[in-house]
Amino acid sequence: MTLTAFPPPPPGADHEDLRQEVRAFLAEELSDFPPEMRAKSWNGFSRDFSRKLAQRGWVGMTFPKEYGGHARSALERYVVSEELLAAGAPVISHWIADRQSAPLILAKGTDEQKRRIVPRIAAGELCFCIGMSEPDSGSDLAATRTVATEVEGGFRVNGTKVWTTYAHVADYMILFCRTGKSEDRHGGMSQFLVDLKTTENIQISPIIDIGGEHHFNQVIFDDTFLPSDALLGEKGGGWSQVMSELAFERSGPERFLSSFALIEELIRLLHDDATEAQQAEIGRLSAHLMVLRRMSRSVAGMLNEGQNPALQAAIVKDLGALFEQDMPRLARSLLARPAVPGGVSSYAAVLAYTELAVPSFSLRGGTREVLRGIIARGLGLR
Numbered sequence: 241m242t243l244t245a246f247p248p249p250p251p252g253a254d255h256e257d258l259r260q261e262v263r264a265f266l267a268e269e270l271s272d273f274p275p276e277m278r279a280k281s282w283n284g285f286s287r288d289f290s291r292k293l294a295q296r297g298w299v300g301m302t303f304p305k306e307y308g309g310h311a312r313s314a315l316e317r318y319v320v321s322e323e324l325l326a327a328g329a330p331v332i333s334h335w336i337a338d339r340q341s342a343p344l345i346l347a348k349g350t351d352e353q354k355r356r357i358v359p360r361i362a363a364g365e366l367c368f369c370i371g372m373s374e375p376d377s378g379s380d381l382a383a384t385r386t387v388a389t390e391v392e393g394g395f396r397v398n399g400t401k402v403w404t405t406y407a408h409v410a411d412y413m414i415l416f417c418r419t420g421k422s423e424d425r426h427g428g429m430s431q432f433l434v435d436l437k438t439t440e441n442i443q444i445s446p447i448i449d450i451g452g453e454h455h456f457n458q459v460i461f462d463d464t465f466l467p468s469d470a471l472l473g474e475k476g477g478g479w480s481q482v483m484s485e486l487a488f489e490r491s492g493p494e495r496f497l498s499s500f501a502l503i504e505e506l507i508r509l510l511h512d513d514a515t516e517a518q519q520a521e522i523g524r525l526s527a528h529l530m531v532l533r534r535m536s537r538s539v540a541g542m543l544n545e546g547q548n549p550a551l552q553a554a555i556v557k558d559l560g561a562l563f564e565q566d567m568p569r570l571a572r573s574l575l576a577r578p579a580v581p582g583g584v585s586s587y588a589a590v591l592a593y594t595e596l597a598v599p600s601f602s603l604r605g606g607t608r609e610v611l612r613g614i615i616a617r618g619l620g621l622r
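Read left to right, the sequence shown gives residues 241 to 622 (our numbering).
Here it is in structure tokens:
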């Protein structure tokens, strides 16, 4: 077995001045934001809020200045992301685009694609979604059946994507599909930049989650025409591209801070009245959280150095999902829902939302089975 390392972030990675600046902004901007809204974490949608962040230079932080970015480090971006998540800020409008779509376009896109798209992402103007999962293959991307057939002037796409977060409001999708046959299971794949606002023959249907909310969608491509300049990167190079993209998706602090509102509410209510047993459990919870944070920051440091830490990112994502899915059980064991005359407490509301949300955490960004296959291969066990 080959062991993997999570090297410590470099000195000065805390960027405390930046952290305090972000906290002060959020304290003012979200002063009336109730806990039950904070519980939605990065699934909260607000284009206006994303634009405000962009105006402060907190979207597109790592992008080159020539494309509207600020040429700051991945570790500085990590600090901002961490504070936004801890505050439960409504950031999904720009989150996917900033986290992975723009870095992919910058790495693999044409100069025209970069100049047309990336500055608008940095301005907080564009919302992206990801067209990866499919009804019959889920997170097994190598089993993708959506096909883009080359025709005069472009491609005709046929197939279905599912669990596509916020496709119903997104401006663009990064589509992963087949463009050719290959004996290699990972060959013959490509990615496309799809304009969801102008492209015809795309049907977007809602998938209502267990909590009654509309985040997910089914997206059907019915002989959809994409021009040649929609191809992102090399034809047939989609597999390596998407693996690099997923390192950005899987390793961030959203993989262990999506249920942070519940942790805050729990500690707020226990406060000075916690028993020794409760204090010990909170201590274990905090230690677990800090270990995940340390691992995630290490991945941010590797990304900052231009590495592709796909293995480490998969480990963070898998362990983070386990941590968050156990949070409602732990909360109930420490503190039952307190009775509130005439209404429901904020703790009860946050707990109820989190209980309904966490089952999906081991699906988004790759199922546990897929992730553990990646981890096994990375450790030399396959």
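Ideal Cβ placement from N, Cα and C applies to all residues, glycine included. Quick caveat: nothing in here was measured; it's all calculated off a predicted structure.
Counted as a single uninterrupted DSSP element, the beta strand (DSSP E) harbouring F395 occupies residues G394 to K401. Counting along the chain, the unbroken beta strand (DSSP E) around R418 starts and ends at Y412 to R418. Annotation for N544: the continuous alpha helix (DSSP H) segment containing it runs E516 to N544.
Checking the DSSP bridge columns, you'll see V387 partnered with N398 and R418.
Boundaries cannot be given for Q547, as no beta strand (DSSP E) includes it and DSSP labels it neither H nor E. Here G308 really is in contact with P359; their C-beta atoms are around 3 Å apart, less than 8 Å. A straight line joining the alpha-carbon of A363 with that of G477 spans about 29 Å. M429 sits in a strand when the DSSP states are folded into three classes. Under DSSP, H511 shares a beta bridge with no residue. Nearest neighbour of H408 by Cα position, chosen from I444, V397 and S286, turns out to be I444. Straight-line measurement puts the Cα of A264 at about 43 Å from the Cα of P375. Under the DSSP assignment, G371 falls outside any alpha helix (DSSP H), being part of the beta strand (DSSP E) whose first and last residues are F368 to G371. In this structure, the alpha-carbon of A329 lies about 15 Å from that of R495.
Contact check for F303 against A342 passes: the beta carbons are separated by less than 8 Å.
Counted as a single uninterrupted DSSP element, the beta strand (DSSP E) harbouring H454 occupies residues H454 to P467. Taking the Cα of P251 as reference, the smallest distance to any Cα among E306, L315, A294 and E269 is reached at L315. DSSP places Q340 outside any alpha helix (DSSP H), giving it a letter other than H or E. Inter-residue distance for P446 and H454 is about 6 Å (C-alpha atoms, whole angstroms). In its chain, beyond the 5 residues on either side, G297 and M301 have a beta carbon closer than 6 Å to the beta carbon of H310. In the three-state reduction of the DSSP assignment, V299 falls in the coil class. In the DSSP assignment, I442 falls within the unbroken beta strand (DSSP E) covering I442 to I448.
In the structure shown, L502 adopts helical secondary structure according to DSSP, grouped into three states.
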